[in-house]
Amino acid sequence: MSDFLDKLGEWASDFIIWLLDKLLSAGVSILESIPAPDWMANINNYSNAIPPEVIFWVAPLNFPEGLAIIMSAYLLKFLIKRIPFIGG
Numbered sequence: 014m015s016d017f018l019d020k021l022g023e024w025a026s027d028f029i030i031w032l033l034d035k036l037l038s039a040g041v042s043i044l045e046s047i048p049a050p051d052w053m054a055n056i057n058n059y060s061n062a063i064p065p066e067v068i069f070w071v072a073p074l075n076f077p078e079g080l081a082i083i084m085s086a087y088l089l090k091f092l093i094k095r096i097p098f099i100g101g
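Its first residue numbered 14, the sequence shown is counted upward by one per residue in this note's numbering.
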């Protein structure tokens, strides 16, 4: 009986892992099928067009890190607002 319960628990955990793998793979394939915008092809040209004076001030101010922090805060705020009874 103990062996049966062990096998049943192992099967259940394998099934959950398999199910999560399939769901995540489907999500990845959906995201990969979304075409990139046209302006993304020229992103290097846009970054090379920034004047050196701007880059001189952006580097010490840690602009990329600050922008990442601000965007993650907006994302977290958006997600919290979607939680019932908490986000209001």
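For every residue, glycine included, the Cβ atom is placed at its ideal position computed from N, Cα and C.
Just so it is clear, the structure is predicted and the values come from calculations on it, not from any experiment.
Can you tell me whether Pro-65 is helix, strand or coil according to DSSP?
Note: Pro-65 maps to helix in three-state DSSP.
How would you write the range of the alpha helix (DSSP H) that Met-84 sits in, first residue to last?
76 to 94 is the extent of the alpha helix (DSSP H) around Met-84.
Have a look at Asp-16 and Ser-26 and give me their C-alpha separation to the nearest angstrom.
Asp-16 and Ser-26: Cα-Cα distance of roughly 15 Å.
Please report the residue range of the alpha helix (DSSP H) in which Ala-25 lies.
Counting along the chain, the alpha helix (DSSP H) containing Ala-25 begins and ends at 15 to 46.
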